[in-house]
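K.L.:
Can you keep this structure in mind? I'll have questions shortly.
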């Protein structure tokens, strides 16, 4: 029975990249690359790497676990299991390496693959936001600041804003991928002493085989600022998703109800209130974003290891790496699904535009009055006073404007036409989504 929800409830394709079996396979791939480097330099027989590579295909995860239970060292358990299968070539496995030469180099490979998968699905999410932005670029709605009605805008602007944020997340992940694509073969404290002068050559050959850059300098580990950067970038993706999910939740409030999550015919909203249609999918995303953010602190604290390294990063990395990638990937997939089934309530969108009886056009009214010759500060005060009167008497602001002879009927009708006060919204959406 699974303990972590990421093993079942929130499981995605990402799990196969982060699971322990995959990690063992990556460790063995690094061992094979090391053997190939030694063979090229004449340190071991030419046929040894192929024998080690064949042996790697025969090693079972269960056998590695059996050995680890005896020796309490997971990397050496892999080395022993691989040696068992390699025959005479077994004596050349792990030659000159320390554990984290293998582990950190393999971690780079795992992170690269995980980032590639996440990138693919982030692009799909980005495309969904782009589609919604274009489809709704002219759908006028009320904009809100401080939780209050501000001035009209369009739904296209909301989605274009999110589109650009996801686009920046993709840029950041691409940059972080380049910095994490680094491996080491430098020994216990980074001096490469075990390779007897061939360290730089061996490291370069290993990394070339694996498609990584050789680290210019390390201690016993690849420095954790690289890993922390990736976790930070995952948290930024999660925060961007939370932003969208929170907006959906707020716009689905009964009093607003402009948009809502799709609701299945047999879906249950509450165990006791049969009428409920809760935005539970969006709420789930907001909840999971907190988990990814929390892992950032741990990743940053792992940077300052003692001297040439201690083990305080090791145990928590077994949790935060997998959790952060899987959780973020799940969030990306789920938001894409939510966006694909959003329901818009045009009636409520229009009702909310009218909710303040024209007060949302006070800004436009002030500008028009200045165009008619009134000073800006005087116009502000005149409109402020009229707006307060309209609010307290529950009168439409347009009626007061006509009554006070600030504008005639035709001028007032033009000023209070919400659909014509969205500025360059449609052009902004097009420019923000053209790439």
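Residue numbers (the working numbering): 18 to 452.
Quick reminder that beta carbons are idealized off the backbone N, C-alpha and C, glycines included.
Values in this document were obtained by computation on a predicted structure and should not be read as measured data.
Quick one: using the 10 Å Cβ neighbour count with 16 as the cut-off for buried, is residue 90 buried or exposed?
P.N.:
With fewer than 16 other Cβ atoms within 10 Å, it is exposed.
K.L.:
Decide if residue 389 is buried, meaning its Cβ has at least 16 other Cβ atoms within 10 Å, or exposed.
P.N.:
Classification for residue 389: exposed.
K.L.:
So, residue 349 versus residue 261, is the Cβ gap smaller than 9 Å?
P.N.:
Contact flag unset, no.
K.L.:
Tell whether a beta-carbon distance below 9 Å holds between residue 114 and residue 204.
P.N.:
Going by C-beta atoms, residue 114 is nearer than 9 Å to residue 204.
K.L.:
If you count every other CB in all the chains shown that lies within 10 Å of the CB of residue 197, and 16 or more means buried, which is it?
P.N.:
By the 10 Å Cβ count, residue 197 comes out buried.
K.L.:
Answer yes or no: do residue 423 and residue 379 have a C-beta to C-beta separation smaller than 9 Å?
P.N.:
The answer is no: Cβ separation not under 9 Å.
K.L.:
Hey, quick one: how far does the beta strand (DSSP E) through residue 241 stretch, first residue to last?
P.N.:
Neither: residue 241 is in no beta strand (DSSP E) and is coded neither H nor E.
K.L.:
DSSP state of residue 467, grouped into three classes?
P.N.:
Residue 467 lies beyond the stretch modelled for the chain, which goes from 18 to 452, so this question has no answer here.
K.L.:
Taking DSSP's pairing of strands, which residues face residue 161 in a bridge?
P.N.:
In DSSP, residue 161 forms a bridge with 166.
K.L.:
Please identify the residue among 428, 80, 441, 53 whose C-alpha is closest to the C-alpha of residue 532.
P.N.:
The requested residue 532 does not occur in the structure, where the chain is confined to residues 18 to 452.
K.L.:
Give me the residue from 351, 219, 121 with the minimum Cα distance to residue 244.
P.N.:
Among 351, 219, 121, the Cα nearest to that of residue 244 is on 121.
K.L.:
Which one or two residues does DSSP pair with residue 299 in a beta bridge?
P.N.:
According to DSSP, which records beta bridges pairwise, residue 299 is partnered with nothing at all.
K.L.:
For a quick check, are the C-beta atoms of residue 102 and residue 76 less than 9 Å apart?
P.N.:
Taking 9 Å as the Cβ cut-off, residue 102 and residue 76 qualify as a contacting pair.
K.L.:
Considering only their Cβ atoms, is the gap separating residue 73 from residue 106 smaller than 9 Å?
P.N.:
Contact: no.
K.L.:
Report yes if the C-beta distance between residue 69 and residue 99 is below 9 Å; otherwise report no.
P.N.:
Cβ distance < 9 Å, so residue 69 and residue 99 count as in contact.
K.L.:
Just to confirm my understanding: we take residue 95, look at its own chain, exclude 5 residues before and 5 after, and list those with CB closer than 6 Å. What are they?
P.N.:
Once the five neighbours on either side are set aside, the close Cβ partners of residue 95 are 41, 44, 81.
K.L.:
Taking the alpha helix (DSSP H) that residue 55 falls in, what are its first and last residues?
P.N.:
Per DSSP, residue 55 belongs to the alpha helix (DSSP H) from 37-57.
K.L.:
In its own chain, which residues sit with a C-beta less than 8 Å from the C-beta of residue 78, not counting the 5 before and 5 after it?
P.N.:
Excluding sequence neighbours, residue 78 sits near 37, 38, 41.
K.L.:
Hey, residue 258 and residue 277: beta-carbon distance below 9 Å or not?
P.N.:
For residue 258 and residue 277, no; Cβs fall outside 9 Å.
K.L.:
DSSP beta-bridge partners for residue 66?
P.N.:
Partner(s): none; residue 66 has no beta bridge.
K.L.:
Quick one, are the C-beta atoms of residue 186 and residue 139 less than 9 Å apart?
P.N.:
Cβ distance < 9 Å, so residue 186 and residue 139 count as in contact.
K.L.:
Just to confirm, is the Cβ distance from residue 369 to residue 439 under 9 Å?
P.N.:
No; because the gap between Cβ atoms is not below 9 Å, this pair is not in contact.
K.L.:
Quick one: which unbroken alpha helix (DSSP H) runs of 4-plus residues sit fully inside the stretch 367-411? Chain order, please.
P.N.:
With a minimum length of 4 residues, the continuous alpha helix (DSSP H) runs that stay inside the stretch 367-411 are 379-388, 393-410.
K.L.:
Bridge partners of residue 428, per DSSP?
P.N.:
According to DSSP, which records beta bridges pairwise, residue 428 is partnered with nothing at all.
K.L.:
Does the beta-carbon distance from residue 174 to residue 400 come in below 9 Å?
P.N.:
The answer is no: Cβ separation not under 9 Å.
K.L.:
According to DSSP, what are the bridge partners of residue 230?
P.N.:
In DSSP, residue 230 forms a bridge with 199.
K.L.:
With DSSP collapsed to three states, give me the class of residue 439.
P.N.:
Three-state DSSP puts residue 439 in coil, outside helix and strand.
K.L.:
Counting beta carbon pairs with one atom in the stretch 360-376 and one in the stretch 317-324, are three or more of them shorter than 8 Å?
P.N.:
Cβ pair count under 8 Å is below three, so no.
K.L.:
Measuring alpha carbon to alpha carbon, tell me which residue in 337, 365, 306, 396 is nearest residue 352.
P.N.:
Of 337, 365, 306, 396, the residue nearest in Cα terms is 306.
K.L.:
Looking at the secondary structure, which residues open and close the alpha helix (DSSP H) in which residue 110 lies?
P.N.:
Run containing residue 110: none; DSSP gives neither H nor E here.
K.L.:
Among 363, 181, 150, which one has its Cα closest to the Cα of residue 172?
P.N.:
Considering only alpha carbons, the answer is 150.
K.L.:
Report the option in 347, 336, 221 whose CA atom is closest to the CA atom of residue 303.
P.N.:
Of the listed residues, the one whose Cα sits closest to residue 303 is 347.
K.L.:
When you compare only the Cα positions, how much space is there between residue 176 and residue 328?
P.N.:
Approximately 44 Å, taken between the alpha carbons.
K.L.:
Do residue 92 and residue 119 come within 9 Å of each other at the CB atom, strictly closer than that value?
P.N.:
Contact: yes.
K.L.:
How about residue 299 and residue 355: are their beta carbons less than 9 Å apart?
P.N.:
In contact: residue 299 and residue 355 (Cβ atoms closer than 9 Å).
K.L.:
What do you reckon, are the CB atoms on residue 393 and residue 387 nearer than 9 Å?
P.N.:
Yes, the pair counts as a contact, with Cβ atoms nearer than the cut-off.
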